[in-house]
Amino acid sequence: MLNPKNINQYKNKTVDAASAMPDIRGKNILMGFWHNWPSEPGQGYQQGLFKEMALTDIPEAYNVVAVAFMKGAGIPTFKPYNLSDAAFRAQVAALNAQGRAVLISLGGADAHIELYTGQEDALAYEIIRLVETYGFDGLDIDLEQAAITFADNRTVLPAALRMVREHYETEGKHFIISMAPEFPYLRASKKLPILKEITTYFLS
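Residue numbers are given in full-length UniProt numbering: position 121 of the sequence shown equals residue 121, and the series is strictly consecutive.
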C-alpha cells in the first residue's frame, strides 16, 4: 500500500484542466502517439520525416493521445525534450479542456525496461509523480521485444498500476490503462502471459 505522505510530496497545487481526468468510457476512440524527440531523417513513413508539432496542434479527431515514451534505466521516467514542465502541462490542460485524454506511454521499440520484484512501490510513485507534474490521465503499455518478458516486468508493472489506479479512485478519478496497438493481434506466444496478468488485475 502506498504511503500518503510520499504521495503528498508529488501533489501539484496547480488548479487547471490537467488536474482532472477526462472520462472516455463508452466513447469511440481514435488514439495517436506524440513523439518526445526531434524529427530525424528515416524515422517517418517510408523513411521520411515525421512532423514535429505541439500537443495542441494534434487534430481534434484524436481524442486519446499517448506521449512517447516513459523509459530509461532502473525506474523508467519522462521529461519533455523541448518544453518546460509548466509549458508541457499547459498543453495537456488544453487537450483535457476539450475532453481529450493524454496518456504517458511506457516502453517503445528501443526501450530497455527492466523491473524487479520489490520495485512495485517505486514504479507506482514515479507514475503518480508524472501524473501530478504533467497532468497525464493514464498510462499506455508499449513493451516490445525482450522487454515484454524481461526480469519481473510481467508482475511488477500490473502491481504498480493497480496501486496507481486505486489511489486515483479515492480521488474520484478514472486512471486510464491502455495497451499498444500490436496487443490485439497476439497469438500463442511469449507475449501472452503479461496480457493475462494485466487483464487478471483489471478485468476481474
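Note that the Cβ used here is the ideal one computed from N, Cα and C, for glycine as well.
On a predicted model such as this, the values are computed, not experimentally measured, just so you know.
Around the C-beta of L49, fewer than 16 other C-beta atoms lie within 10 Å, and the residue is accordingly described as exposed. Within a 10 Å sphere around the beta-carbon of M53 sit fewer than 16 other beta-carbons, which makes this residue exposed. Taken through DSSP and simplified to helix, strand or coil, D85 comes out as helix. When the beta-carbon positions are compared, L115 and I127 stay at least 8 angstroms from each other. By the 16-neighbour rule on beta-carbons within 10 angstroms, A109 is exposed. Three or more pairs of CB atoms, one per stretch, sit closer than 8 angstroms, so the stretch 159–167 contacts the stretch 122–136.
Secondary structure note for V131: its alpha helix (DSSP H) is the uninterrupted segment E120 to Y134.
Here N82 is not near A20, since their CB atoms are 8 angstroms or more apart. The alpha-carbon of E132 is positioned some 12 angstroms away from that of V92. For A66, the enclosing beta strand (DSSP E) starts and ends at V64 to M70.
Linking Q98 to A61 through their CA atoms gives a straight-line distance of about 11 angstroms. Taking the C-beta atoms as reference points, P80 is found nearer than 8 angstroms to F88.
Under DSSP, A101 takes part in a beta bridge, and its partners are V64.
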